[in-house]
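Step one of this worksheet: look at the structure below.
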Amino acid sequence: MNSSIYAEVNTKFNKRKEQIKDLHEQRKQQIYADIPEIRDIDDKLSSLAYKMFLDVTAGTEPSVAAENFRNTAAELNDKKKKLLAKAGFKPDFLARTYYCSKCGDTGLVDGKRCECYNKLLIKELMAHSNLSASMKKQTFDMFSLDYYSSEKYGREKITPADNMKSILSECIRFADEFGSENKNFLFYGAPGLGKTFLSSAIANAVMQKGFTVLYQSAGAIFSELENIKFKNADTDFTAEILNVDLLIIDDLGTEFINSFTESELFRILNSRIIDEKSIIINTNLSLSDVKKTYSDRVLSRILGNFDAFKFYGEDIRLKKID
Numbered sequence: 001m002n003s004s005i006y007a008e009v010n011t012k013f014n015k016r017k018e019q020i021k022d023l024h025e026q027r028k029q030q031i032y033a034d035i036p037e038i039r040d041i042d043d044k045l046s047s048l049a050y051k052m053f054l055d056v057t058a059g060t061e062p063s064v065a066a067e068n069f070r071n072t073a074a075e076l077n078d079k080k081k082k083l084l085a086k087a088g089f090k091p092d093f094l095a096r097t098y099y100c101s102k103c104g105d106t107g108l109v110d111g112k113r114c115e116c117y118n119k120l121l122i123k124e125l126m127a128h129s130n131l132s133a134s135m136k137k138q139t140f141d142m143f144s145l146d147y148y149s150s151e152k153y154g155r156e157k158i159t160p161a162d163n164m165k166s167i168l169s170e171c172i173r174f175a176d177e178f179g180s181e182n183k184n185f186l187f188y189g190a191p192g193l194g195k196t197f198l199s200s201a202i203a204n205a206v207m208q209k210g211f212t213v214l215y216q217s218a219g220a221i222f223s224e225l226e227n228i229k230f231k232n233a234d235t236d237f238t239a240e241i242l243n244v245d246l247l248i249i250d251d252l253g254t255e256f257i258n259s260f261t262e263s264e265l266f267r268i269l270n271s272r273i274i275d276e277k278s279i280i281i282n283t284n285l286s287l288s289d290v291k292k293t294y295s296d297r298v299l300s301r302i303l304g305n306f307d308a309f310k311f312y313g314e315d316i317r318l319k320k321i322d
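Using our numbering, the letters of the sequence shown correspond one by one to residues 1 to 322.
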């Protein structure tokens, strides 16, 4: 997935660069047709460097040859600008133009990816993430703690508001440290408490840093893997699941559980844990139900390698309606 996304970004980046170059070439040919003198000037400018080389090899002092080069180039460029102005064109009509003036369409500034390249990359990452349109807009800044009660809830030790404040802080840290720190999260608890929202916020923050993300429901994952195994479906899905930088498995526990899904879940967890590739799991099951539902070897991977966060309180979606 990583290599294919970067290949697509590079293709689009280079296509955009070529379009700008083509536009410049069209302008140049237009001017050459309207003002043939300018073609002669450009030919002379192109040969100046070679002439300077010949002068130096013939015995001219390099500093003198360089000075002659600069003076001649200035005279020719000044003449070209006057010809353009006389014909009604701006003096810089033939100046080399770029889509991005910061990097000159190289995609790099001081050895780092330019903002223009990152925008293309993030757009492509978003397209491959499988996040819905609304999920792509969910960020930490949009997450409100106001919907969570500051009153004691059941037997829980801290209020829903304090609990979510702590979880939000951990999610922000997860995203900030992604790429340098490997973590896995298990979000569990009743529906409508923000598990998917915070998963999306993490995903969006991680993609802003240039990392790949894949969001899938547990049911969709195992359905696709069944098609690959039993119907010989031709797909890169397995490689994506195992190699994407951040895998988000939503609604774990809603899939039809059998020996195949158990085996595949273990394979996904085990492979990604070994390769130190992060996973976020969302489930509406309680922790005790997770323990009852899955095999010991799956549980050992989850309980031994994931930070578990319990979501509790009143359904936020119902509160928003009220």
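Positions of the beta carbon are idealized from the N, C-alpha and C atoms, including for glycine.
From residue i to residue j, what distance separates their C-alpha atoms?
i      : j      : result
Thr212 : Thr293 : 30 Å
Leu252 : Ser263 : 14 Å
Ser288 : Ala133 : 34 Å
Ile274 : Ser166 : 28 Å
Ser344 : Leu186 : This structure cannot speak to residue 344, because the chain is shown only from 1 to 322.
Val206 : Gly194 : 18 Å
Leu54  : Ser47  : 11 Å
Leu23  : Thr72  : 28 Å
Ala49  : Gln19  : 28 Å
Ser180 : Gly210 : 13 Å
Cys114 : Lys12  : 15 Å
Phe309 : Phe230 : 36 Å
Gly88  : Val244 : 55 Å
Tyr153 : Ser300 : 30 Å
Pro62  : Lys80  : 27 Å
Lys123 : Ala58  : 56 Å
Pro191 : Glu314 : 9 Å
Along the chain, where does the alpha helix (DSSP H) that runs through residue i open and close?
i      : result
Leu45  : 36–57
Val244 : That residue, Val244, is in no alpha helix (DSSP H); it is neither H nor E in DSSP.
With H, G and I counted as helix, E and B as strand and the rest as coil, what does DSSP make of residue i?
i      : result
Arg113 : strand
Leu198 : helix
Phe89  : coil
Gly304 : helix
Phe174 : helix
Asp236 : coil
Leu252 : coil
Leu120 : helix
Glu151 : coil
Lys310 : strand
Leu108 : strand
Glu181 : strand
Arg96  : coil
Glu156 : coil
Thr139 : coil
Glu61  : coil
Asn204 : helix
Ala220 : helix
Relative to the C-alpha of residue i, which candidate in the options has its C-alpha closest?
i      : options                       : result
Phe237 : Ser144, Glu224, Asp105        : Glu224
Lys28  : Thr196, Phe53, Asp92          : Asp92
Lys277 : Glu240, Asp250, Arg297        : Glu240
Ala201 : Ser144, Leu285, Asp296        : Ser144
Tyr117 : Lys86, Asp43, Lys102          : Lys102
Asn163 : Phe306, Glu151, Glu18         : Glu151
Lys157 : Ala74, Ile249, Phe311, Asn270 : Phe311
Cys100 : Ala190, Asn14, Ala58          : Asn14
Glu37  : Lys82, Asn68, Val244, Lys51   : Lys82
Thr261 : Gly189, Ala74, Ile228         : Ile228
Lys44  : Asn77, Ser63, Ala58, Phe178   : Asn77
Ile31  : Ala66, Leu84, Asp110, Leu168  : Leu84
Ser4   : Ala127, Ala220, Val64         : Ala127
Tyr215 : Thr196, Gln26, Lys231         : Thr196
Ile279 : Ile248, Ser295, Leu168        : Ile248
Thr97  : Arg297, Thr235, Asn232, Arg16 : Arg16
Thr139 : Leu94, Lys86, Leu198          : Leu198
Val9   : Leu108, Leu120, Arg70         : Leu120
Would you give the residue range spanned by the beta strand (DSSP E) that residue i belongs to?
i      : result
Leu145 : Unbroken run through Leu145: none, as it is neither H nor E.
Ser217 : 213–217
Tyr188 : 185–189
Check the Cβ-Cβ distances between residue i and every residue of chain C, and say whether any is below 8 Å.
i     : result
His24 : The structure shown has no chain C; it contains just one protein chain.
CB of residue i to nearest heavy atom of the ligand GDP: below 7 Å?
i      : result
Ser132 : The model depicted lacks the ligand GDP and carries no ligand whatsoever.
Mind pulling the beta strand (DSSP E) runs of 3 or more residues that sit fully within the stretch 258–299?
-> Note on the stretch 258–299: whole beta strand (DSSP E) runs with a minimum of 3 residues are 278–283, in chain order.
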